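Residue numbers (mature numbering (1 follows the signal peptide of the UniProt record, and there is no 0)): -24 to -1, 1 to 327. For each residue, glycine too, the CB sits at the ideal point set by N, CA and C. Given the structure is predicted, the values throughout are model-derived calculations rather than measurements. Single-structure report; data block below.
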């Protein structure tokens, strides 16, 4: 029984992935990051929930293999629990639930066209007319929200009682406005997807190339039903893929180094603040202008801060990009780090 349970968990982990592959140099991911960004309000809300512990602590996921991604999904506001406080990680996800999770994920992103009409039809084809009578009462009002409505009208899957892996993956690809990728002759995307329609296979190929979905022993199992934990993993993988912070900081013993692009010629500058004293302190602060010989006029330089651990605890370190003579809430970009310092003053965790 234990072996069977372990195999099931491993299959779920590998099919949807538990961590985003190291793809900093991958051209597809770079193009996606260039088009889509996590919004500053979404980052701030996520960090607020992480810092304050206000995200739901679902009792039925505490020993579940998907504990970490489900908690992360809740911190981003992607998932909600049931009235009794449970999450139901092993419950199969329905079409309306899939639409709402995708809608919350996409509302965390800038760069996705939320308008209906021609822009949508270029990528997804003609809109589907919603059959409201097919929806449960709770979904009828929620799915009238603009983003949710657009996702629902991209396919017939919104009304499914239970979604399978292929249906959720196609919904996700369309929600991100991903074009189906051509599959070169002789290329196998997954061992069990060769008979799929070309458009569906192209969407799977696009998601796989971005590291958002993976296979298990070469297969995808497109007809297998998706549970709520697996859906949460898939949504979190998208946000992890788009998280720019990973390449903007480094840790060495007591020191945290943060490097951000800054262009003083625009009037904008990065400014930082911490919510606590006595845990981190600034060790050095320097701005390097772009190379005068090889750089373009008006190009951005790099601002580097080095912080030193000085006391045990966890501190919220915020960077906001705004004009210094304006209010901080006018910032056009933000980076928020939650930094944990150990008793020996070394940096032990950065999120």
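- prompt: Going by beta carbon distance, what residues of the same chain come within less than 6 Å of residue 313, once the five residues before and after it are set aside?
  reply: Position 337 of the chain shown, counted from the start, is the residue given in the question as residue 313. Excluding positions up to five away in sequence, the list reads 293 and 326.
C-alpha gap between residue 191 and residue 146, whole angstroms: For this step, residue 191 is matched to residue 215 along the chain shown. For this step, residue 146 is matched to residue 170 along the chain shown. So the two alpha carbons sit approximately 15 Å from each other.
message: Less than 8 Å between the C-beta atoms of residue 35 and residue 61, yes or no?
response: Numbered from its first residue, the chain shown carries residue 35 at position 59. Numbered from its first residue, the chain shown carries residue 61 at position 85. Taking 8 Å as the Cβ cut-off, residue 35 and residue 61 qualify as a contacting pair.
- prompt: Within 10 angstroms of its Cβ, does residue 72 collect 16 or more other Cβ (buried), or is it exposed?
  reply: Taking the chain shown and counting its residues from 1, one reaches residue 72 at position 96. Its Cβ being crowded by 16 or more others within 10 Å, residue 72 is buried.
query: Looking at the structure shown, is residue 26 part of a helix, part of a strand, or coil, going by DSSP?
result: For the purposes of this step, residue 26 is identified with residue 50 of the chain shown, where counting begins at 1. Looking at residue 26 - three-state DSSP - the assignment turns out to be helix.
task: Within its chain, find whatever has a CB closer than 7 Å to the CB of residue 21; leave out the 5 residues flanking it on each side and keep chain order.
output: Stepping through the chain shown from its first residue, residue 21 is reached at position 45. Within the same chain, residue 21 has close Cβ partners 53.
N- and C-terminal bounds of the alpha helix (DSSP H) containing residue 155: As a working mapping, residue 155 is identified with position 179 in the chain shown. Where residue 155 is concerned, there is no enclosing alpha helix (DSSP H), given that its DSSP letter is neither H nor E.
query: Does residue 311 come within less than 8 Å of chain B when only Cβ atoms are used?
result: No chain B appears in this structure, which consists of one protein chain only.
query: Cα-Cα, which of 185, 197 and 189 is closest to residue 171?
result: Position 195 of the chain shown, counting from 1, holds the residue named residue 171. Residue 197 is the option with its Cα nearest to residue 171.
CA-to-CA distance, residue 10 to residue 135, given in whole angstroms: Within the chain shown, residue 135 is the residue found at index 159, counting from 1. Within the chain shown, residue 10 is the residue found at index 34, counting from 1. For residue 135 and residue 10, the distance between alpha carbons rounds to 33 Å.
message: I'd like to check one pair, residue 231 with residue 283: are the Cβ atoms closer than 8 Å?
response: Counting from 1 along the chain shown, the entry for residue 283 is found at position 307. Counting from 1 along the chain shown, the entry for residue 231 is found at position 255. Yes, the Cβ-Cβ distance between residue 283 and residue 231 is below 8 Å.
query: If you count every other CB in all the chains shown that lies within 10 Å of the CB of residue 86, and 16 or more means buried, which is it?
result: As a first step, residue 86 must be located in the chain shown, where it is residue number 110. Its Cβ having fewer than 16 others within 10 Å, residue 86 is exposed.
- prompt: Once you ignore the five residues that flank residue 37 on each side, which residues in its own chain have a CB closer than 6 Å to its CB?
  reply: Start at 1 with the first residue of the chain shown, and residue 37 comes out as number 61. 43, 46, 63 and 65.
query: Over what stretch of residues does the alpha helix (DSSP H) that includes residue 123 continue unbroken?
result: Here the question's residue 123 lines up with position 147 in the chain shown. Counting along the chain, the alpha helix (DSSP H) containing residue 123 begins and ends at 122 to 128.
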